[in-house]
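Heads up: the sequence shown is residues -19 to -1, 1 to 135, going by mature numbering (1 follows the signal peptide of the UniProt record, and there is no 0).
What follows is one structure encoded as structure tokens, with my remarks underneath.
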Amino acid sequence: MKKLIAGIALFGTFALASAQTITFDKTTFDYGTIKPSADGTRFFTVTNTGDKPLILSNVKPSCGCTTPEFSQDPIMPGKSAKIKVGYNTTLNGPFNKMIEVFSNDPANSRSVIYIKGNVDANAPEPKPLTAEEQKAAAKAEKKAAKLAKKTAAK
């Protein structure tokens, strides 16, 4: 009986050790103080640090002023994907919004990421995006358009 229990416990350890695992580059994105109608788009990087494909099943914002976009394509082990988050910057004042990320990670099937900042007419002018940031934004836009087209075809 002891061997059976030990075997089950050992199997459970291996089952958890060989799974998809979700990790984020950051769990909070701080916009800082931005001007009204500024670009409210930001990106979170999701990485699969496990050894099985990771699938994001849903990304839910806490309110209608936040619009996430993501792909349901599997994220292979060691690979990354982006979650695009838009915030309605026509709304003046401070904000702190929660976004729930649902995946097939057995230990973290529901993860939470946040965006925060302040929309203020007296904010300084934003710094221009670096070439790398522009390239990443263009790539994410292209992927989001492809996903939207794919979703519309269903």
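Beta carbons are placed, not taken as given, at the ideal position from N, Cα and C, and that holds for glycine.
Just so we're clear, the structure is a prediction, and the values are computed from it rather than from any experiment.
Unbroken beta strand (DSSP E) run spanning residue i, endpoints
| i | result |
| --- | --- |
| Glu106 | Premise fails: Glu106 is in no beta strand (DSSP E) and is neither H nor E. |
| Asp54 | Element bounds for Asp54: n/a, residue is neither H nor E. |
| Gly13 | 9 to 15 |
| Thr71 | From DSSP, Thr71 is part of no beta strand (DSSP E); its letter is neither H nor E. |
Sequence-distant residues of the same chain with beta carbon closer than 7 Å to residue i, five excluded per side
| i | result |
| --- | --- |
| Ala104 | Thr14, Ile15, Lys16 |
| Asn77 | Tyr95, Lys97 |
| Ala121 | Phe24, Lys63, Lys65 |
| Ile56 | Val27, Asn29, Pro34, Leu35, Ala62 |
| Leu72 | Cys46, Val100 |
| Asn79 | One detail in the question is off: residue 79 reads as Met in this sequence, not Asn. Closer than 7 Å at the Cβ level, and outside the excluded window around Met79, lie Ser43, Val93, Tyr95. |
| Asp11 | Lys97, Gly98 |
Three-state class that DSSP yields for residue i in the structure shown
| i | result |
| --- | --- |
| Ala88 | coil |
| Lys33 | coil |
| Ala19 | coil |
With 16 other Cβ atoms within 10 Å as the buried cut-off, status of residue i
| i | result |
| --- | --- |
| Glu50 | buried |
| Thr111 | exposed |
| Gly21 | buried |
| Thr26 | exposed |
| Leu37 | buried |
| Thr70 | buried |
| Gly(-8) | With a pLDDT of 49 at Gly(-8), under the threshold of 50, the modelled position of this residue cannot be trusted; read the value that follows with caution. Result: exposed. |
| Ser18 | exposed |
Residues that DSSP places opposite residue i in a beta bridge
| i | result |
| --- | --- |
| Phe25 | Ile64 |
| Glu50 | Lys65 |
| Thr2 | Paired residues: none, contrary to the question. |
| Gly98 | Phe76 |
| Glu81 | Lys41, Val93 |
Cβ shell of residue i (< 8 Å), same chain only, five flanking positions each side left out
| i | result |
| --- | --- |
| Thr2 | Asn29, Thr30, Gly31, Leu35, Asp86, Ala88, Asn89 |
| Thr9 | Ile94, Tyr95, Ile96, Lys97 |
| Lys60 | Thr28, Asn29 |
| Ala117 | Phe24, Lys63 |
Residues near residue i by beta carbon distance below 6 Å, same chain, minus five either side
| i | result |
| --- | --- |
| Gly67 | Gly21, Thr22, Thr48 |
| Phe83 | Ser38, Asn39, Arg91 |
| Thr4 | Thr28, Thr30 |
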